[in-house]
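**Student:**
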Amino acid sequence: MSELLGHGKARHRRKKTALSAGVPLALAAAGALAYGTAFGVFGEDAQPRAAAAAAPSWAKDTADGFASVHALGQKGTYGGRDGRTVTVRTLAALEKYATAPEPYVIVVAATISMDPKGKEIKVASDKTIVGAGTSGQIVGGGFFLGQGVHNVIIRNLTIRDSYHGVWNDKEHDWDAVQMDGAHHVWIDHNDLRHMADGLIDSRKDTTYVTVSWNKLSDNNKTFGIGWTENATADLTIHHNWFRETEQRNPSTDNVAHAHLYNNYLQDAPGTDITSSYGNYARGRTKMVLEHSYFEGMRDPVIKDATASLVQRGNVFSRTSGRNESGGTAFDPKAYYTYTPDKAADVPALLKSGAGPRGSIGTTTASPAAASTTLTVAKDGSGRFTSVQKAVDAVPAGNTARVVIRIAPGTYRETVKVPANKPHVTFEGTGRSRKDTVIVEGHAAGMTKPDGSGTYGTGGSATVAVEADDFQARNLTISNDFDEARNQQIDGQQAVALRTAADRVRLDDLIISGDQDTLLLDTAAKDRTGRVLLTDSYVIGNTDFVFGRATAVIDRSVLTLKKRWNGTSAGYVTAPSTPAGRKGFLITRSTVDGDVSARSFHLGRPWHAGGDASLDPQTTVRDTTLGAAVKTAPWTDMGGFSWKDDRFAEYKNKGPGAGPAGGERPHLTDAQAAAQEMADWFGDWKPTS
1 MSELLGHGKA RHRRKKTALS AGVPLALAAA GALAYGTAFG VFGEDAQPRA AAAAAPSWAK
61 DTADGFASVH ALGQKGTYGG RDGRTVTVRT LAALEKYATA PEPYVIVVAA TISMDPKGKE
121 IKVASDKTIV GAGTSGQIVG GGFFLGQGVH NVIIRNLTIR DSYHGVWNDK EHDWDAVQMD
181 GAHHVWIDHN DLRHMADGLI DSRKDTTYVT VSWNKLSDNN KTFGIGWTEN ATADLTIHHN
241 WFRETEQRNP STDNVAHAHL YNNYLQDAPG TDITSSYGNY ARGRTKMVLE HSYFEGMRDP
301 VIKDATASLV QRGNVFSRTS GRNESGGTAF DPKAYYTYTP DKAADVPALL KSGAGPRGSI
361 GTTTASPAAA STTLTVAKDG SGRFTSVQKA VDAVPAGNTA RVVIRIAPGT YRETVKVPAN
421 KPHVTFEGTG RSRKDTVIVE GHAAGMTKPD GSGTYGTGGS ATVAVEADDF QARNLTISND
481 FDEARNQQID GQQAVALRTA ADRVRLDDLI ISGDQDTLLL DTAAKDRTGR VLLTDSYVIG
541 NTDFVFGRAT AVIDRSVLTL KKRWNGTSAG YVTAPSTPAG RKGFLITRST VDGDVSARSF
601 HLGRPWHAGG DASLDPQTTV RDTTLGAAVK TAPWTDMGGF SWKDDRFAEY KNKGPGAGPA
661 GGERPHLTDA QAAAQEMADW FGDWKPTS
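My numbering applies: residue 1 is where the sequence shown begins, and numbers increase by one.
#1: Between the Cα of residue 239 and those of 205, 85, 291 and 395, spot the shortest distance and give me the residue it belongs to.
#2: Whole angstroms are fine: how far does the CA of residue 192 sit from the CA of residue 119?
#3: Here's the rule I'm using: 16 or more other beta-carbon atoms within 10 Å means buried, otherwise exposed. How should residue 331 be labelled?
#4: Going by the DSSP bridge assignment, what does residue 179 pair with across the sheet?
#5: Between which residues of its own chain and residue 596 is the CB-CB distance below 6 Å, once the five residues before and five after are set aside?
#6: Using the rule of at least 16 other Cβ atoms within 10 Å of the residue's Cβ for burial, across every protein chain shown, is residue 440 buried or exposed?
#7: Going by DSSP in three states, residue 163 sits in which element: helix, strand or coil?
#8: Determine which residues share a DSSP beta bridge with residue 72 and list them.
#9: Below 8 Å CB to CB, which residues in the same chain sit around residue 311 once its five sequence neighbours on both sides are set aside?
#10: When DSSP builds the beta bridges, which residues end up paired with residue 127?
#11: Within a Cβ cutoff of 8 Å, which residues of the same chain sit near residue 626, ignoring the five residues on either side of it in sequence?
#12: Using only alpha-carbon positions, find the residue among 508, 566 and 530 that is nearest to residue 556.
#13: Does residue 392 come out as helix, strand or coil in the three-state DSSP assignment?
#14: What is the C-beta distance between residue 516 and residue 544, in whole angstroms, given that I count them as a contact (C-beta under 8 Å)?
#15: Indicate the three-state DSSP secondary structure (helix, strand or coil) for residue 342 in the structure shown.
#16: Mapping the DSSP letters down to three states, classify residue 287 as helix, strand or coil.
#17: Out of 397, 445, 408 and 446, state which residue places its alpha-carbon closest to the alpha-carbon of residue 379.
#18: Using 8 Å as the Cβ pair cut-off and three pairs as the minimum, do the segment 149-168 and the segment 179-195 touch?
#19: Count Cβ pairs between the segment 83-103 and the segment 578-590 that sit closer than 8 Å; are there 3 or more?
#20: Among the residues of its own chain, which have a CB less than 6 Å from the CB of residue 676, if the five just before and after it don't count?
#21: Compare the C-alpha of residue 680 against each of 637, 619 and 270 and name the closest.
#22: Please state whether DSSP places residue 361 in a helix, a strand or coil.
#23: From residue 36 to residue 501, what distance separates their C-alpha atoms?
#24: Out of 97, 137 and 211, point me to the one whose CA is closest to residue 128's CA.
#25: Would you list, in sequence order, the uninterrupted beta strand (DSSP E) runs of no fewer than 3 residues that lie entirely inside the segment 465-532?
#26: Using a Cβ-Cβ cut-off of 7 Å (strictly less than) and excluding sequence neighbours within five positions of residue 27, which residues of its own chain qualify?
#27: Under three-state DSSP, which class holds residue 637?
#28: Just grab the DSSP bridge partners of residue 649 for me.
#29: Under the assumption that residue 343 contacts residue 323 (Cβ atoms under 8 Å), give the Cβ distance between them as a whole number of angstroms.
#30: Who are the near neighbours of residue 99 in its chain, counting only those whose CB is closer than 8 Å to its CB and skipping five residues on each side?
#31: Less than 9 Å between the beta carbons of residue 649 and residue 602, yes or no?
#32: Buried or exposed: residue 246, going by 16 or more other Cβ atoms within 10 Å of its Cβ?
#33: CA-CA distance, residue 548 and residue 629?
#34: In angstroms with no decimal places, state the Cα-to-Cα distance between residue 522 and residue 422.
#35: Between which two residues does the beta strand (DSSP E) holding residue 246 run?
#36: Which residues mark the beginning and the end of the alpha helix (DSSP H) in which residue 94 is found?
See below:
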């Protein structure tokens, strides 16, 4: 590292009452270590690829809230992302793939009517069922998730009209989504309405569920949770619009942890349905209810004497009757990170953002315009044959997302996304991130082809991102500079990916190199550069995550590799953080590799250019540290002591973890509460 570069009903009576070749062995080993072999991130699907289907650009998103929690042998909720993608337009096809034992991303591209009416397809584990734009509709029935079914995503669908003519129907248990003893389920961005029974029923100890950004309307018994004496279930319910729903909004019975936030409960005057009550905590439920908006609701918040319900930050407009709270509940941030929107903003956010979408961008709270798609393929089957050519076609100053879909193959080129082309997404279309590879082999000390000098560290990057609101997913970015064969070059730094932009979202990537692999930078010292990297692999040895960005690496694997001469030594991070800013946060991740024990530091302070005003920061928390990590994991750099800057750990585990001491500072619980993901991003909410 030598420089810093830079969504004919019946009317109802209104109620009067109440890498493609040669993945390094160290990387494969780290994958098994982090996720377990069942996760299958490197497994090849032996079945033939589905002919028709390309999933929506966000079909590989993973859940937030309680559905993201690692428990019951399941590491978060990611649905069928590791399986084939299939497009269905018939009931037979939908049922075939939804009930199959293998993982699938099932894209519903038509209106499918259930036969017989009320049919609920028995969904198997490891499935994503997602609507293609707003065209995916299920009419007259829904889905059933039985005992032990897990890792299911139901997203971007309209599920409607099993209503059988009886408002308080006790004969037809026809729900949009019913779950009995399931776990790790994400129900997101759906339009659920006019069913014979519930819109969502979460029953019989179903747990680790997140319900987000849905429109729930025109129904009596809307969202019921419980049907058990056990208080074991954990659910997150956020950013849902309940409109003209009478009861169970939701009703939450014997739930261990019910976190409800940023929901909009609306009973509009002059409509056919009157609310009976709003949020209800029953039995031994512990509920946290915050930053939600209640409009025109009768009895907006009620609780049993045995339940605990903590309210904070809610808004009540034209409500009447009971509005209750009491007892102690729990801290949701002990389980996952989140940042609620202001309650006053919720109606506008949900009117524009809830329900099925033509596209979903980085920030769900701010609906994106329908995205433009550009295609890249080496064989000429796409619009462009190189990634850079596709970037060149993006108009300067574009305000809507442009998705560049890159077919499987190896693209040997350098790619630059200039600052005047924001809102660009790189998306590999292969079955795994190994299938689509962007690679080049430049190093800092190499002379440029035009003879104008050397590349420099930043200029060596295979992919350089200088535009805000960039996203990348499902691909490999690599620098394959051969240090062993180029020892004569003065400047061995070889960057795979450089970001110098704000609001950068990176997911499901392999970022592979040697020295200085991942440069997380900003456009200038006084400019903000926030980056979120999730579910990815970063491979390198010397200072291989470095720069002055405000960056979070979450649920990822930092794979340590040996030097060119076979020795084991290196540094994971080299932050160059300006004073007053957040630096690097590594959380819920794994640091390990096929290197010698106690040979790697977690980091050292990079005062770029000798700038004493910098205040470098790396925090490593809730992370598994392999034996490669030194017992004194931080060290000095360039005459600057790490002890004068900000380096700390919190609740790490594994053979490389160790107790607090003078050479190994640990955060206190109070300090750790201020060093969570949301603290890094401020007003940016990089939701899936």
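From the three backbone atoms N, C-alpha and C, an ideal C-beta is built for every residue, glycine too.
**Tutor:** By the coordinates alone:
#1: Taking the sequence shown and counting its residues from 1, one reaches residue 239 at position 239. Among 205, 85, 291 and 395, the Cα nearest to that of residue 239 belongs to 291.
#2: On the sequence shown, residue 119 is found 119 positions in, with the first residue counted as 1. On the sequence shown, residue 192 is found 192 positions in, with the first residue counted as 1. Separation of residue 119 and residue 192 (C-alpha to C-alpha, rounded to the nearest whole angstrom) is 16 Å.
#3: Here the question's residue 331 lines up with position 331 in the sequence shown. Classification for residue 331: exposed.
#4: Within the sequence shown, residue 179 is the residue found at index 179, counting from 1. DSSP, once it has assigned bridges, lists 145 and 202 as partnering residue 179.
#5: For the purposes of this step, residue 596 is taken as the residue at position 596 of the sequence shown. Result list for residue 596: 568, in chain order.
#6: On the sequence shown, position 440 is the one that residue 440 refers to. By the neighbour-count criterion, in which 16 or more other beta carbons inside 10 Å mark a residue as buried, residue 440 falls on the buried side.
#7: Within the sequence shown, numbered from 1, the residue matching residue 163 stands at position 163. Coil.
#8: Here residue 72 is taken as the residue at index 72 of the sequence shown, counted from 1. None, per the DSSP bridge assignment.
#9: Sequence index remark: in the sequence shown, residue 311 carries index 311 (1-based). The beta carbon of residue 311 sits closer than 8 Å to those of 289, 290, 301 and 325, all from its chain and outside the five residues before and after it, given in chain order.
#10: On the sequence shown, position 127 is the one that residue 127 refers to. Paired residues: 104 and 152.
#11: On the sequence shown, residue 626 is found 626 positions in, with the first residue counted as 1. Close CB contacts of residue 626 within its chain, under the 8 Å cut and outside five residues either way in sequence, are with 33, 560, 590, 591, 592, 593, 654, 655 and 656 (chain order).
#12: Here residue 556 is taken as the residue at index 556 of the sequence shown, counted from 1. For residue 556, the nearest C-alpha among the options comes from 508.
#13: As a position in the sequence shown, residue 392 is number 392, starting the count at 1. Correct three-state label for residue 392: helix.
#14: Translated into the one-based positions of the sequence shown, residue 516 becomes position 516. Translated into the one-based positions of the sequence shown, residue 544 becomes position 544. Contact between residue 516 and residue 544 holds, with the beta-carbon distance rounding to 6 Å and staying under 8 Å.
#15: For the purposes of this step, residue 342 is taken as the residue at position 342 of the sequence shown. Coil at residue 342, not helix or strand.
#16: In the sequence shown, the residue the question calls residue 287 occupies position 287. If DSSP states are grouped into helix, strand and coil, residue 287 belongs with the strands.
#17: Taking the sequence shown and counting its residues from 1, one reaches residue 379 at position 379. Taking residue 379 as reference, the option from 397, 445, 408 and 446 with the minimal CA-CA separation is 408.
#18: With a cut-off of 8 Å, the segment 179-195 and the segment 149-168 count as touching, because enough Cβ pairs lie within range.
#19: Contact fails: fewer than three Cβ-Cβ distances are below 8 Å.
#20: Taking the sequence shown and counting its residues from 1, one reaches residue 676 at position 676. Here the set comprises 337.
#21: The count along the sequence shown starts at 1 and reaches residue 680 at position 680. Looking only at 637, 619 and 270, the smallest Cα-Cα distance to residue 680 is reached by 619.
#22: Here the question's residue 361 lines up with position 361 in the sequence shown. Per-residue confidence for residue 361 stands at a pLDDT of 38, beneath the threshold of 50, marking its modelled position as unreliable; the derived number appears in the next sentence. When secondary structure is reduced to three states using DSSP, residue 361 falls in the coil class, being assigned neither helix nor strand.
#23: Mapped onto the sequence shown, residue 36 falls at position 36. Mapped onto the sequence shown, residue 501 falls at position 501. Residue placement at residue 36 is flagged as unreliable, the pLDDT there being 26, under the threshold of 50; the coordinate-derived value follows with that caveat. Rounded to whole angstroms, residue 36 to residue 501 spans 34 Å at the Cα level.
#24: Position 128 of the sequence shown, counted from the start, is the residue given in the question as residue 128. For residue 128, the closest of 97, 137 and 211 by C-alpha to C-alpha distance is 97.
#25: The qualifying runs are 471-479, 497-500, 504-512 and 518-521.
#26: The sequence position of residue 27 within the sequence shown is 27, counting from 1. Bear in mind that a pLDDT of 28 at residue 27, under 50, signals an unreliable position, so the number given afterwards is only what the model happens to contain. Correct list, in chain order: 537, 539 and 559.
#27: Sequence index remark: in the sequence shown, residue 637 carries index 637 (1-based). Of the three classes helix, strand and coil, the one that applies to residue 637 here is strand, per DSSP.
#28: Taking the sequence shown and counting its residues from 1, the one referred to as residue 649 is at position 649. DSSP output for residue 649 lists 620 and 666 as bridge partner(s).
#29: On the sequence shown, residue 343 is found 343 positions in, with the first residue counted as 1. On the sequence shown, residue 323 is found 323 positions in, with the first residue counted as 1. Actually they are not in contact, since the Cβ atoms of residue 343 and residue 323 sit about 14 Å apart, beyond 8 Å.
#30: Looking up residue 99 in the sequence shown gives position 99. Hits under 8 Å: 121, 122, 123 and 124.
#31: Along the sequence shown, read from residue 1 onward, the residue named residue 649 stands at position 649. Along the sequence shown, read from residue 1 onward, the residue named residue 602 stands at position 602. A Cβ-Cβ contact shorter than 9 Å links residue 649 with residue 602.
#32: Walking along the sequence shown from the start, residue 246 turns up at place 246. It is buried - the Cβ of residue 246 has at least 16 other Cβ atoms within 10 Å.
#33: To locate residue 548, count along the sequence shown from 1; it is residue 548. To locate residue 629, count along the sequence shown from 1; it is residue 629. Approximately 23 Å, taken between the alpha carbons.
#34: Taking the sequence shown and counting its residues from 1, one reaches residue 522 at position 522. Taking the sequence shown and counting its residues from 1, one reaches residue 422 at position 422. Cα to Cα, residue 522 sits roughly 15 Å from residue 422.
#35: Counting from one through the sequence shown, the residue named residue 246 turns up at place 246. Residue 246 -> beta strand (DSSP E) spans 241-247.
#36: Position 94 of the sequence shown holds residue 94. That run of the alpha helix (DSSP H) goes 91-98.
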